[in-house]
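The structure appears right after this line, and notes come after that.
Protein chains in written order, with UniProt numbering: chain A, 1 to 276; chain B, 1 to 341.
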């Protein structure tokens, strides 16, 4: 398809519109973060005076943002590791083994993504209150498995299926057991897929809000997303938008960096799974 | 895992077991291995989803509070309330609140999914046409997706401030974040911004699978661009699109973070079913919170069922094709759902 000049221009224009649509709000967040607090309501496209003041404010005072970042890292990290440990086995069985209720199991796992978080949350909230798990990491990690596990099993199944079965067969003809074939052939080959799944799961867990908001009422245990939404201003009434935008940038930029670096893989994962 | 086989069956047979060999001990072994591999996942899902849903249903039949026992003593704790929690939801002021939340949830679902689909398909078509720079745009499309919903709620709250960017661009003074219809619009805009790129990405993947020859042939036969889009692109993208739309719908139906952060909890104009249930739970009225959650769950299940039945979204399609290949020697049993239209 070699287009004529107007067609070319039109296509670039279209791309520019799409990019602007996606990036403009994020740009606004970054720009607002770099304004001086006294220029906060200044609506110029580029800050009149650049300053790091908002970023200092994020970590200062009683926001406890450093701790919140750590909490997010622990919760999202544990969720990802546990999910991959458990999910890889299930995905392998679903992708490679032939057994009777396979479609039923797959359907069941997909169906669990349908469950609204709140119907999972209410009984768990009560249970965790009874066993004094409120304000603990496990109270956030365990419910998160509810959405992370179906997601990763689904993605991993799709990835495992793309691997040539012949390799495994060859290994087993050469005397590997199925377990060895899995460990020595499948796992190394599937590493990119597993890695992509890890990123997607981590992002999903990192972005989680409802569970983290409900299971924790102590400031030290809040995750970053919850902590930012609860930042208080100096006067206590006006919302400290500059600080919040700066915190938003801090939380988002690592994700965006990862996403950009592993762009192709992530797109492959998203389209393979068709799941959020 | 290695212990399952104990080296008894010859290796070649073991390999064939995966590719459908009815009868014999290989199938037995495969079954056992499958059960072994699947049980951790199923166990965890049963614990963190199965148990809560059942316990939630039970919870919804109980009420908490004080009552007098037969001797006139005050008793604390839970008592069986039957369907009281449900009937209470539908009556009086709470009935109004429920139907309001129900209406909001439905409104958000319909408007955002329609807008997302239209914008997403548009984005995909634009990217499909691109000669260069597709990678760059694809990268930027992932940005809204990667931003946590709660953060995007804050971001849009900032944009929609009374003296914020949105009003500056529109040159109007609209109090977006105050309770009212404009708050609904604000939520819809923020949600569509975050999720339509996701649909665009999935549709683009679907578009790229269509062989170019099909389009060429249609063009040679005299089909215009619009006709080609309607008769070729749309039907061929349909399976990918339907799955994306279904997942989006399920997600909006349980929306919580965005309206809660953007507008606030307990605001009539944006209260969704999840928010109302959350509010009840955070006030320790677990029984009625569970009743709301159960109703939401049934609503979502109904919508998913209707969607799959009416439109034939084939969610586990890929898996089925696979099993067709491997199971050619075996009668297919208990195959689950979904007619592909």
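Don't be surprised by glycine CBs; every beta carbon is placed ideally from N, CA and C. It should be emphasised that the depicted structure is a prediction, and the values quoted were computed from it without experimental measurement.
Practice item. May I have the straight-line CA-CA distance separating residue 80/A from residue 8/A, to the nearest angstrom? Key: 43 Å
Review point. What residue does the alpha helix (DSSP H) around residue 178/A start on, and which one ends it?
Key: 178-181
**Study point:** Chain-ordered chain A contacts of residue 344/B [CB-CB under 7 Å]
**Key:** Given that chain B is displayed from residue 1 to residue 341, the structure contains no residue 344/B and the question cannot be resolved.
Point to revise | Collapsed DSSP secondary structure at residue 51/B in the structure displayed | key: Residue state, collapsed to three classes: helix.
Practice item. For residue 270/A, I'd like the list of residues in its chain whose CB is within less than 8 Å of its CB, leaving aside the five on either flank, ordered along the chain. Key: 200
Practice item. Leaving out five residues on either side along the sequence, give the residues of the same chain with a beta carbon under 8 Å from the beta carbon of residue 189/B. Key: 156
**Study point:** Segment contact flag, the stretch 124-136 of chain B with the stretch 178-187 of chain B, C-beta cutoff 8 Å, min 3 pairs
**Key:** Counting C-beta pairs with one atom in each stretch, the stretch 124-136 of chain B and the stretch 178-187 of chain B have fewer than three that are closer than 8 Å, which means they do not touch.
Practice item. Starting from the C-beta of residue 16/B, find all residues in its chain whose C-beta is less than 6 Å away, skip the five residues before and the five after it, and write them out in chain order. Key: Residue placement at residue 16/B is poorly supported in this model, since its pLDDT is 42, which falls under 50; the coordinates are not used for a value here.
Check your understanding: Between residue 265/A and residue 87/A, what straight-line distance do the alpha-carbon atoms span, to the nearest angstrom?
Key -> 19 Å
Exercise for review: With 8 Å as the limit, tell me which residues of the stretch 286-299 of chain B have their beta carbon closer than that to any beta carbon of chain A; keep them in chain order.
Suggested key: 286, 289, 290, 292, 293, 294, 296, 297
Review point. If you drop the 5 nearest sequence neighbours on each side, which residues of the same chain put their C-beta closer than 6 Å to that of residue 276/B?
Key: 101, 292
Check your understanding: Which runs of the alpha helix (DSSP H) spanning at least 4 residues fall entirely within the stretch 123-163 of chain A, listed in chain order?
Key -> 138-162
Exercise for review: Check whether the Cβ of residue 249/A lies closer than 7 Å to any heavy atom of the ligand PLP, and answer yes or no.
Suggested key: This structure lacks the ligand PLP, and indeed carries no ligand of any kind.
Point to revise | Sub-8 Å separation of residue 124/B and residue 207/B beta-carbons | key: yes
Point to revise | Sequence-distant residues of the same chain with beta carbon closer than 7 Å to residue 250/B, five excluded per side | key: 300, 304
Check your understanding: How about residue 139/B and residue 263/A: are their beta carbons less than 8 Å apart?
Key -> Yes, Cβ-Cβ distance for residue 139/B and residue 263/A is below 8 Å.
Review point. Between the beta-carbon of residue 186/B and the beta-carbon of residue 173/B, is there less than 8 Å?
Key: no
**Study point:** Burial state of residue 24/A, where buried means 16 or more other Cβ atoms lie within 10 Å
**Key:** exposed
Exercise for review: Check the Cβ of residue 254/B against every Cβ in chain A and list those closer than 7 Å, keeping chain order.
Suggested key: Neighbours of residue 254/B on chain A, chain order: 116, 117, 118.
Review point. How close, in whole Å, do the beta carbons of residue 203/B and residue 121/B come, if the pair is a contact with beta carbons under 8 Å?
Key: 5 Å
Exercise for review: Could you tell me whether any Cβ in chain A is nearer than 8 Å to the Cβ of residue 56/B?
Suggested key: yes
Point to revise | Option in 202/A, 250/A, 119/A with minimal Cα separation from residue 58/B | key: 119/A
Check your understanding: Residues in its own chain within less than 8 Å of residue 84/B by CB, not counting five upstream and five downstream?
Key -> 63
Review point. Are three or more beta carbon pairs between the stretch 281-291 of chain B and the stretch 104-118 of chain B nearer than 8 Å?
Key: no
Review point. Who are the Cβ neighbours of residue 90/B in its own chain at under 8 Å, not counting the five residues just before and after it?
Key: Result list for residue 90/B: 98, in chain order.
Point to revise | Rounded straight-line distance, which links the Cα of residue 70/A to that of residue 60/B | key: 36 Å
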